[in-house]
Amino acid sequence: MNDFKGIEKFVSEKSSKRVEAGSIPEDERMIYANEAIHSDSSLKDYERWMTINTDRFVGKKILDIGGMPNGKFARAAKTKGIDLVTLNPSISEIAKERPIKGRNVIAGYVQNLPFQDETFDYEISYGAIPSHLAPVEKEYSDAFNEIFRTLKPGGQAYLVPVYGSVLKTEVFQKIKEGLLNRGAEIILDDVGFVLDENKAKVKVFKMTVKKKSRS
Ligand SMILES: C[S@@+](CC[C@H](N)C(=O)[O-])C[C@H]1O[C@@H](n2cnc3c(N)ncnc32)[C@H](O)[C@@H]1O
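Count along the sequence shown from 1, then add 148; that gives the number in the working numbering.
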């Protein structure tokens, strides 16, 4: 089992706690996004921590939510023949440190994806969504609704890490039921743990959201 030392740095106090009812003003989203370390994980890191083999992405349309624009993963994916779009709300912030170019980089939030319905075969988020959302219902429900809307029938989303402390909340259960009622299949794989600020173990899950194929 992973002890997730590598992603402990992604865990902010806010993100590993409960999700409560309510909303935040949209202009506060940037505060949460910019709180993140804009890390640049390799394809190997993605495969290891997300427990995926990216061979299945070759020739498919993939959205990396909260990925590093033109980062290590994006460059390796391109070399492999993966049709990858990287979405990140902090592009102007990141561009202060490194040049960003290319058509496959889009500025935006997962809560309001700038894509048509049924665009992607796979959506992935590593160390970004849902862990960097404000811990309130509206942010979580918008994010999951948008991910589901933009998946093609038969498509799948993989999100890591999703914290056990979040999964237990009523708000999350409600969001999960909403997705199940729309025909989603949800799989939660226990992939390890992180330590909270009291050094207590918080379980970490990989969440897979599958959208049914049209039969
Ligand atoms: C810790 S980094 C992970 C980056 C990359 N996935 C990696 O592993 O190297 C988290 C990223 O999530 C992005 N992010 C934060 N809130 C977001 C949101 N609401 N929608 C999309 N991306 C978001 C941040 O801008 C940040 O670059």
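Positions of the beta carbon are idealized from the N, C-alpha and C atoms, including for glycine. Computed from a predicted model, the values in this text were never measured in an experiment.
Item: Candidates Val339, Tyr311, Glu318 and Thr298: closest to Lys360 by CA position; Value: Thr298
Item: Glu266 versus Tyr257: straight-line alpha-carbon distance, rounded; Value: 17 Å
Item: Test item: CB-CB of Thr234 and Ala224 under 8 Å; Value: no
Item: Exposure label - Ile230; buried when at least 16 CB within 10 Å; Value: buried
Item: Same chain only: Cβ atoms within 6 Å of Leu273, ignoring 5 sequence neighbours per side; Value: What sits at residue 273 in the sequence shown is Ser, not Leu. Cβ within range, chain order: Ile213, Gly214 and Leu307.
Item: DSSP-derived helix/strand/coil call for Phe263; Value: coil
Item: Every unbroken alpha helix (DSSP H) inside the region 209–276 [4 residues or more]; Value: 220–228 and 239–242
Item: Straight-line gap, Ala184 to His280 (C-alpha atoms, nearest Å); Value: 7 Å
Item: Distance cut-off 7 Å: Ala184 Cβ against heavy atoms of ligand 1; Value: yes
Item: Short Cβ contact (8 Å threshold) for Val357 with Gly340; Value: no
Item: Reduced DSSP secondary structure (H/G/I, E/B, other) of Val342; Value: strand
Item: For Ile334 and Ala255, the rounded distance between their alpha carbons; Value: 28 Å
Item: Pro237 Cβ short of 7 Å to ligand 1 heavy atom set; Value: yes
Item: Nearest-angstrom beta carbon gap, Met198 and Lys324 [assumed within contact, 8 Å]; Value: No, Lys324 and Met198 are not in contact; Cβ-Cβ is about 20 Å, not under 8 Å.
Item: Element boundaries [alpha helix (DSSP H), containing Ala181]; Value: Arg177 to Glu183
Item: Ser187 CB to nearest heavy atom of ligand 1 below 7 Å; Value: yes
Item: The region 311–324 touching the region 281–297, judged by at least three CB pairs closer than 8 Å; Value: yes
Item: Of the residues Lys300, Asn293, Ala276 and Leu336, the one placed nearest Asn182, counting alpha carbons only; Value: Ala276
Item: Three-state secondary structure (DSSP) of Val314; Value: helix
Item: Residues bridged to Leu328 (per DSSP); Value: In DSSP, Leu328 forms no bridge with anything.
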